[in-house]
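What follows is a short report on a single structure.
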Amino acid sequence: MRVFSGIQPTGRAHIGNLLGAIHQFTDLQNRADCLFCVVNLHALTLPQDPAALRADTLQMAALYLACGIDPRRSTVFVQSHVAAHAELAWLLGCEATYGELGRMTQFKDKAAGRDSVSLGLFAYPVLMAADILLYAATHVPVGDDQRQHLELTRDLAVRFNARHGEAFVVPEALIGQAGARVMSLQNPAEKMSKSAADPASRIELLDGPDTVRAKIRRAVTDSGREVRYDRTAKPAVANLLEIFSLLSGEAIPALEARYGDSGYGRFKQDLGEAVVAALDPIQRRHEELIRAPDHLEAVLADGARRAAALADPMLRTVNERLGLPG
Ligand code: ATP
Ligand code: LTN
């Protein structure tokens, strides 16, 4: 079992990234060969400030470690340190079609309302396919929003193998059940997202205790005052219950039993404290890693070496299949 996944270093990671993606990563590293990447080339698909991107890249790598990814067990690296990602993306881009890329819902969402859309934003899923296929990954843990990109990755692998000869492993998505789709605190019909304009819509992993408490207090709830898990009738409360359960380890029925009739006030207050308690150790470890960046930089340099040692032979095979001289 070879696992690959990536998170963009744009803005601040939030509890959706933690519950949908990173919790799966820390679980998988105990039973699979894992690579976890900070996908900074993907971040360039939307305008970025260079100094902020540099800082956010290190911050995201520090968060991986702070959340429990162990660099002795997993390979942790930065996408732009391994040139093979961009090279394979070009080659796969020659297999992908305009029609299939235009059908990607993430592209349609991110392109909507912009008067100019870059080739990079359009080709985003091709670079993602390159990330995965380079390492012959068998499994890709992601949140529910990445399902369509994984299907495209599989299609590209199958198409390349059929046209040019066997080169790629066809990967499977690993989408957890609980936590795969944490919703916005301000609009339970939208997923919690780094790029949403309103910071009150998400709890960032580095939000201080008072910010966390205030965001939970301000989170929208549904009509009525009963704390009950019902995704259709009570989507906002159901989302808060899921977050509470996943971060505290208590089952949802136990939470319903405790808070069912006591109104939203006490429920939100205790949820705020549960989130603060879950984030505290992550923030302490993150702070230590950022304060002494030598360790982090050494981890990333070693990660890039290990990743390149796997990627380079795959790129040679692909070049060979396509008739590119070695
Ligand atoms: P944006 O919303 O700006 O596109 P993002 O918050 O989705 O950014 P990514 O780096 O694109 O962040 O996602 C990293 C991982 O976190 C992916 O596996 C993604 O599926 C997962 N993820 C993102 N948002 C959520 C969410 N609300 N619930 C569960 N998982 C999520
Ligand atoms: N598109 C992903 C981030 C990403 C990724 C990957 C995830 C880029 N490359 C490879 C898994 C495997 C997202 O979450 N928005």
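Following the working numbering, the numbering of the sequence shown begins with 465 at its first residue and continues without gaps. All C-beta atoms, glycine included, are put in the ideal place defined by N, C-alpha and C.
Can you tell me where the alpha helix (DSSP H) with residue i in it begins and where it stops?
i: Ala637; result: Element bounds for Ala637: not the alpha helix (DSSP H) but the beta strand (DSSP E), Glu636 to Leu638.
i: Gly736; result: Gly727 to Arg755
i: Ile716; result: Ile716 to Tyr723
i: Asp411; result: Residue 411 cannot be examined here, being either before or after the span of the chain that is shown, 465 to 790.
i: Val676; result: Pro673 to Arg682
i: Gly563; result: Tyr562 to Gly566
Going along the chain, which residues of its own chain have a beta-carbon closer than 6 Å to the beta-carbon of residue i, five neighbours each way excluded?
i: Asp686; result: Lys698, Ala700 and Val701
i: Ala530; result: Ile746, Arg749 and His750
i: Ala575; result: Val581
i: Arg677; result: Gly736
i: Glu636; result: His603
i: Asp520; result: Pro473
i: Val740; result: Pro673 and Val676
i: Gly640; result: Gln488
Which of helix, strand or coil does DSSP assign to residue i?
i: Leu620; result: helix
i: Val633; result: coil
i: Val782; result: helix
i: Val581; result: coil
i: Thr539; result: strand
i: Leu556; result: helix
i: Gly767; result: helix
i: Val590; result: helix
i: Thr817; result: Shown here, the chain extends from 465 to 790; a query on residue 817 therefore has no answer.
i: Thr521; result: helix
i: Gly713; result: coil
i: Ala507; result: helix
i: Arg689; result: coil
i: Gly484; result: helix
i: Ala515; result: helix
i: Ala548; result: helix
i: Ala660; result: coil
i: Pro777; result: helix
i: Gln641; result: coil
i: Leu788; result: coil
i: Ala526; result: helix
i: Ala626; result: helix
In chain order, what residues of the same chain have a beta carbon less than 7 Å from the beta carbon of residue i, not counting five sequence neighbours either side?
i: Gly584; result: Leu508 and Thr509
i: Ala631; result: Phe624, Asn625, Thr781, Val782 and Arg785
i: Gln612; result: Met568 and Thr569
i: Ala664; result: Leu649, Gln650, Lys679 and Arg682
i: Asp534; result: Gln493
i: Met524; result: Ile471, Pro473, Ala477 and Val502
i: Asn481; result: Ile471
i: Pro605; result: Val467, Ser469, Ala485, Gln488, Phe489, Leu492 and Leu638
i: Glu551; result: Leu779
i: Val546; result: Ala768, Ala771, Ala772 and Ala775
i: Leu710; result: Leu483, Ala642 and Gly643
i: Leu555; result: Val782 and Leu786
Within the continuous beta strand (DSSP E) that includes residue i, where are the two ends?
i: Val604; result: His603 to Pro605
i: Gly532; result: It is not in any beta strand (DSSP E) - Gly532 carries neither H nor E in the DSSP assignment.
Could you tell me if the beta carbon of residue i falls within a distance shorter than 6 Å of some heavy atom in the ligand COA?
i: Ile533; result: The ligand COA is not part of this structure, which contains only the ligand ATP and the ligand LTN.
Bridge partners of residue i, per DSSP?
i: Lys698; result: Asp694
i: Arg466; result: Asp497
i: Lys655; result: Met647
i: Ile471; result: Val502
i: His478; result: Glu668
Which residues in the same chain have their Cβ closer than 8 Å to the Cβ of residue i, if we skip the five residues on either side of it in sequence?
i: Gly653; result: In the sequence under discussion, the amino acid at residue 653 is Ala, which differs from the Gly named in the question. The answer, listed in chain order, is Met647 and Pro699.
i: Ala621; result: Ala593, Leu597, Phe632, Val633, Val634 and Pro635
i: Leu705; result: Val691, Tyr693, Ile716, Leu719 and Glu720
i: Leu753; result: Ala526, Leu529, Ala530, His759 and Leu760
i: Thr617; result: Pro589, Met592, Ala593, Ile596, Leu597, Val604 and Pro635
i: Asp766; result: Pro535
i: Gly724; result: Glu690, Val691 and Arg692
i: Arg495; result: Met465
I want to see whether chain C comes within less than 7 Å of residue i, judged by CB atoms only; does it?
i: Pro511; result: Protein chains in the displayed structure number just one, and chain C is not present.
Original post:
Are the stretch 557-572 and the stretch 584-595 in contact at 8 Å, needing three or more beta carbon pairs?
Top reply: yes
Original post:
Are the stretch 711-730 and the stretch 487-505 touching by the rule of at least three beta carbon pairs closer than 8 Å?
Top reply: no
Original post:
Three or more beta-carbon pairs under 8 Å between the stretch 512-526 and the stretch 554-567, yes or no?
Top reply: no
**OP:** Check whether the stretch 689-697 touches the stretch 667-678, counting contact only when three or more Cβ pairs, one atom from each stretch, lie closer than 8 Å.
**Re:** no
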